[in-house]
Amino acid sequence: MLRFTASLLFLSLVCNSLVQAQKINDAYRLHMKRATSPVLIDGVMDEQAWEEAEVASDFFMITPMDTSFAQVQTDVRMTYDDQNLYLIVVNHHLLEGPYMVESLRRDFSFGKNDNFLLFMDPFDDQTNGFTFGANAAGAQWDGIMFNGGSVDLSWDNKWTSKVSNYEDKWIFEAAIPFKSIRYKKGIKEWGINFSRLDLKATEKSGWAPVPRQFPSASLAYTGVLVWDEAPPEAGANVSVIPYLLGGVSKDFESEGETQYRREFGMDAKIALTSSLNLDLTINPDFSQVEVDRQVTNLDRFELFFPERRQFFLENGDLFANFGYSTIRPFFSRRIGLNAPIQFGARLSGKINKDWRIGAMNMQTGAVDSEGLPSQNFTVLALQRQVGARSNITGILINKQSLNYNPDPESEHPVYSQFNRNAGLEYNLASSNNLWTGKAMVLKSFGPDGTQEGFVHAANLRYASGNLTWNWQHEYVSENYTAEVGFVPRNGFYKISPTVGYRWFPKSEKFLSHGPDVGTTFFFNTSGEQTDNTTYAAYNVKWRSQSTFMLWAGYDFVKLQRPFDPTNFSGETLPAGTIHTWRAWGTEYASKPQSLFTYSFSTRMGGYYADGDRYNISTELGYRFQPYVSIAMSTNYNRIVLPEPWNTTNFWLVGPRVDVTMTNTLFFTAFVQYNEQIKNINLNTRFQWRFQPASDLFIVYTDNYLPAPFYTKNRSIVLKFTYWWNV
């Protein structure tokens, strides 16, 4: 397998070198000059600076076809002064009728809103950048970009915008402070593209053309923003973000006393250069972060929930994207999971055009009641760009228990003295994005030679307009340990090829259709097959953006350890038993233009122990745009097994209400009833963004037993944050 990977890596390098030519859309250039008049962000194009700015128009259609100019007209102008980068966009209507949006909620769903987005590559490395935008009602969108086109919308920063609506158009105007972004000093050409989605016309378009198999965010297809002079230096760029918090909570299950919270903490952002940032945090609190959506867990392994805490997000791809979805040597949610974070620091950004660095150090406090010592977490990552868009990354992760001498007779669990991981990864991305892939190795270390394990994995993916295929293989040794990572399974070899094909007919109704086929094999370290999942699916996408999929699959499992197929009863199937079944299902999502939207998925077929499993999931939504959005998600599982399990039914129900009075005033109420864990969770959150990136939060949480609605615990938190530029 190592020999194969070496060959794969060589092939990847050859493919990469063959396509190292001039930037694909280098001919698409928008010349920008300094503003000749002050710019007021009011959604009205009446300043002299806009009259004199060059216009980016004649957008190209991305979908439904990528071979012609867009039918919907969009005009973009940009300018700047010493403090801000300015943008104004005139989004003309093609068809009569109101715009289509979900709400005024920040960081909206791209496919469900008429919107305009800016994708900005200030290093012109076609890999990392920023995105800003708005929907037609004025809801803001901002995120950090990585891996050449992925977007993390959890990133949040200080900027202002305004949207004005007219019968024949809507205008979006924005000011992005230079202090809110990172860019290379002295560089006069940035990668840039603009994306427009018009749901009435069911058309997505971009200023610089992008093939329809790629997202409009693909940085490989950016044009060029040409400055008349080098961008101004951001100057002294220090932001201090203190918070004040008060709260009260009570645990009714343990009949505990009422707990009162009076806390203070602070974050700071210090720009060491225009492209390198130092983040500091003292006594951070993340109580305002939205709760995870619960799921019915029928898996044999731990489930993954994404990081939502702001401190860990900027340049987070340097740390969190090393590896694959189930081989992550670093997973920031492990930090502060069971112990409070006392303080932390993170250095991240660009050293120069070719080198990026990430260094993080976090300190948690001891929890005496659990015997948990204070712990220190250190992560170091260094990335070197190779060719146009590929890179090599090295990473080192260390978790260290401080002043810890475990008592073997203690009733508390024994924690490790340290756990370390070191790894190297090559990421392939051809200049035209047709070829992508990865090859990586990891080694773990523990005290007294324990926890010493090895990981190797690689994949190669090809995506043309019609054909997509991917080869992936993985190896994780028995003793590999990543205590600060997410690696739910050890001791296996995995092989997973997939292939798909799409036809794009010249039809008034259909956008595309075609099959996907894939198989995944797992073997233990002795070479014995333990798992196989094989599936075939057929996908249909209409021009209205509604989608349908029909699939069928086969599963083989030889249990390596006892497993409860309900994850509920406590009764387990013995290790070594073999289980096979066949199943089929459907998925459908309605067109997003409607005020009433719906989607569903079904699954019918076999299950463990010659049993059967039936599942149906639905999502219903209605919006009173743009102020109120109501959604109801349901998930029902019926599991039919022999004794002692018999028949088990699990309901998971989650009604949600979003009220957006303005694009700075939000209220969310979210209820989750999970029959599997016998819990009803109520979470309400009020947010007032009284200034850019400065907020007042009120968060109320309740947990109940389903019957007789006995309160398990309850809390309310009031939190005030203020972003202060020194």
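If you count by mature numbering (1 follows the signal peptide of the UniProt record, and there is no 0), then the sequence shown holds residues -21 to -1, 1 to 705, one letter each, in order.
Note that CB positions come from ideal geometry on N, CA and C, so glycine has one too.
Since this is a predicted model, take the numbers as computed values, not measurements.
For this session: Quick one: grab the DSSP three-state call for L675.
Result: Translated into positions along the sequence shown, residue 675 becomes position 696. Three-state DSSP puts L675 in a strand.
Problem set entry | Between the CA atoms of D495 and T447 - distance to the nearest angstrom | The residue labelled residue 447 in the question sits at position 468 within the sequence shown. The residue labelled residue 495 in the question sits at position 516 within the sequence shown. One C-alpha to the other measures close to 9 Å.
Problem set entry | Continuous alpha helix (DSSP H) stretch holding D121: start and end | For the purposes of this step, residue 121 is taken as the residue at position 142 of the sequence shown. Careful: D121 lies outside any alpha helix (DSSP H), inside the beta strand (DSSP E) at Q119 to F125.
Exercise. In chain order, what residues of the same chain lie with their CB nearer than 6 Å to the CB of T597, ignoring the 5 residues before and after it?
Worked result: For the purposes of this step, residue 597 is taken as the residue at position 618 of the sequence shown. Excluding sequence neighbours, T597 sits near F579 and T613.
Exercise. Under the criterion of a Cβ to heavy atom distance below 8 Å, does I656 qualify as lining the ligand SAH?
Worked result: As for the ligand SAH, it is missing from this structure, which has no ligand bound.
Exercise. Taking the C-alpha atoms as reference points, what is the distance between L(-14) and E31?
Worked result: Taking the first residue of the sequence shown as position 1, residue -14 is located at position 8. Taking the first residue of the sequence shown as position 1, residue 31 is located at position 52. Because the pLDDT at L(-14) is just 47, under 50, the model does not fix this residue reliably, and the point stays unresolved.
Problem set entry | Between the CA atoms of F243 and Q321 - distance to the nearest angstrom | Taking the first residue of the sequence shown as position 1, residue 321 is located at position 342. Taking the first residue of the sequence shown as position 1, residue 243 is located at position 264. If you take the alpha carbons of Q321 and F243, they lie about 12 Å apart.
Exercise. Of the choices F535, N276, A299 and P285, whose alpha-carbon is the least far from that of R561?
Worked result: For the purposes of this step, residue 561 is taken as residue 582 along the sequence shown, with counting starting at 1. The shortest Cα separation from R561 among F535, N276, A299 and P285 belongs to F535.
Problem set entry | Best match in Y606, L552, P634 and Q396 for proximity to P621 [C-alpha to C-alpha] | Position 642 of the sequence shown, counting from 1, holds the residue named residue 621. Comparing Cα positions, the closest option is L552.
Exercise. Under a Cβ-count criterion, where at least 16 other Cβ atoms within 10 Å of its own Cβ denotes burial, should A686 be classed as buried or exposed?
Worked result: What you label residue 686 is simply residue 707 of the sequence shown in a count that begins at 1. A686 comes out exposed.
Problem set entry | Beta-carbon gap between S608 and T639 smaller than 9 Å | Here residue 608 refers to the residue found at position 629 of the sequence shown. Here residue 639 refers to the residue found at position 660 of the sequence shown. Yes. Within cutoff.
Exercise. Among residues of its own chain, excluding the 5 on either side of A610, which ones have a beta-carbon nearer than 6 Å to its beta-carbon?
Worked result: For the purposes of this step, residue 610 is taken as residue 631 along the sequence shown, with counting starting at 1. Hits under 6 Å: G600 and R635.
Exercise. Who are the near neighbours of V346 in its chain, counting only those whose CB is closer than 7 Å to its CB and skipping five residues on each side?
Worked result: If you number the sequence shown from 1, residue 346 lands on position 367. Excluding residues within five positions, the ones whose Cβ falls inside 7 Å are N317 and A318.
Problem set entry | Touch test, the segment 74 to 92 against the segment 176 to 196, Cβ-Cβ under 8 Å, three pairs minimum | yes
Problem set entry | With 16 other Cβ atoms within 10 Å as the buried cut-off, status of K329 | In the sequence shown, counting from the first residue as 1, residue 329 sits at position 350. So K329 counts as buried.
Exercise. What separation, rounded to the nearest whole angstrom, lies between the Cα atoms of N692 and L407?
Worked result: Translated into the one-based positions of the sequence shown, residue 692 becomes position 713. Translated into the one-based positions of the sequence shown, residue 407 becomes position 428. Cα to Cα, N692 sits roughly 49 Å from L407.
Exercise. Does the count of Cβ pairs from the segment 225 to 234 and the segment 181 to 198 closer than 8 Å reach three?
Worked result: Output reads no: the segment 181 to 198 does not touch the segment 225 to 234.
Problem set entry | Given F649 as reference, the closest of Q655, T643, G564 and N660 once Cα atoms are compared | For the purposes of this step, residue 649 is identified with residue 670 of the sequence shown, where counting begins at 1. It is N660 whose Cα lies nearest to the Cα of F649.
Exercise. Between G444 and N412, what straight-line distance do the alpha-carbon atoms span, to the nearest angstrom?
Worked result: Within the sequence shown, residue 444 is the residue found at index 465, counting from 1. Within the sequence shown, residue 412 is the residue found at index 433, counting from 1. Taking the straight line from one Cα to the other gives about 11 Å.
Problem set entry | For F465, the first and last residue of its enclosing alpha helix (DSSP H) | Translated into the one-based positions of the sequence shown, residue 465 becomes position 486. Per DSSP, F465 belongs to no alpha helix (DSSP H) and is neither H nor E.
Problem set entry | Nearest-angstrom Cβ-Cβ length linking Q396 and Y383, presumed shorter than 8 Å | Counted from its first residue, the sequence shown places residue 396 at position 417. Counted from its first residue, the sequence shown places residue 383 at position 404. That belief holds up - the Cβ atoms of Q396 and Y383 are roughly 6 Å apart, short of 8 Å.
Exercise. In terms of residue numbering, what span does the alpha helix (DSSP H) encompassing Q396 cover?
Worked result: The count along the sequence shown starts at 1 and reaches residue 396 at position 417. Element bounds for Q396: n/a, residue is neither H nor E.
For this session: List the endpoints of the continuous alpha helix (DSSP H) containing residue 706.
Result: One cannot answer for residue 706 here, as it falls past the ends of the chain, which runs -21 to 705.
For this session: Buried or exposed for L265, please, with buried defined as at least 16 other CB atoms from any protein chain shown within 10 angstroms of its CB.
Result: Numbered from 1 along the sequence shown, position 286 holds the residue referred to as residue 265. Note that residue 265 is Phe in the sequence shown, not Leu. The residue is exposed, with fewer than 16 neighbouring Cβ atoms inside 10 Å.
Exercise. Identify the residues that DSSP records as bridge partners of P623: which are they?
Worked result: Here residue 623 refers to the residue found at position 644 when the sequence shown is read from its first residue. Beta-bridge analysis with DSSP links P623 to no other residue.
Exercise. Name the DSSP beta bridge partners of P476, please?
Worked result: Here the question's residue 476 lines up with position 497 in the sequence shown. According to DSSP, P476 bridges with W450.
Exercise. At a cut of 8 Å, does the segment 464 to 476 reach the segment 484 to 494 through at least three beta carbon pairs?
Worked result: no
Exercise. Among L83, E269 and A299, which has the Cα closest to the Cα of R287?
Worked result: By one-based count along the sequence shown, residue 287 stands at place 308. Nearest C-alpha to R287: E269.
For this session: Within the segment 566 to 631, note down every full beta strand (DSSP E) run reaching 3 residues or more, in order along the chain.
Result: 575 to 586, 590 to 603 and 607 to 619
For this session: Please list, in chain order, all residues of the same chain as F87 whose beta carbon is under 6 Å from its beta carbon, the five residues on each side excluded.
Result: Stepping through the sequence shown from its first residue, residue 87 is reached at position 108. So the qualifying residues of the chain are E81, N114 and A118.
Problem set entry | Beta bridge counterpart(s) of N660 as assigned by DSSP | Along the sequence shown, one-based indexing puts residue 660 at 681. Looking at the DSSP assignment, N660 forms a beta bridge with Q651 and N682.
Exercise. Would you call the segment 55 to 67 and the segment 17 to 37 in contact, with 3 or more CB pairs under 8 Å?
Worked result: Yes, the segment 55 to 67 touches the segment 17 to 37.
Exercise. If you draw a straight line from the alpha carbon of I618 to that of Q508, how long is it in whole angstroms?
Worked result: Start at 1 with the first residue of the sequence shown, and residue 618 comes out as number 639. Start at 1 with the first residue of the sequence shown, and residue 508 comes out as number 529. Taking the straight line from one Cα to the other gives about 26 Å.
Exercise. Would you say the segment 216 to 224 touches the segment 127 to 135, given that touching needs at least three Cβ pairs under 8 Å?
Worked result: no
Exercise. How is the alpha helix (DSSP H) around Q27 delimited, first residue to last?
Worked result: Translated into the one-based positions of the sequence shown, residue 27 becomes position 48. Where Q27 is concerned, the enclosing alpha helix (DSSP H) stretches over Q27 to E30.
For this session: Flag this pair as touching only if the segment 148 to 158 and the segment 455 to 474 have three or more C-beta atom pairs under 8 Å; answer yes or no.
Result: In short, these stretches do not touch, since the Cβ pair count stays below three.
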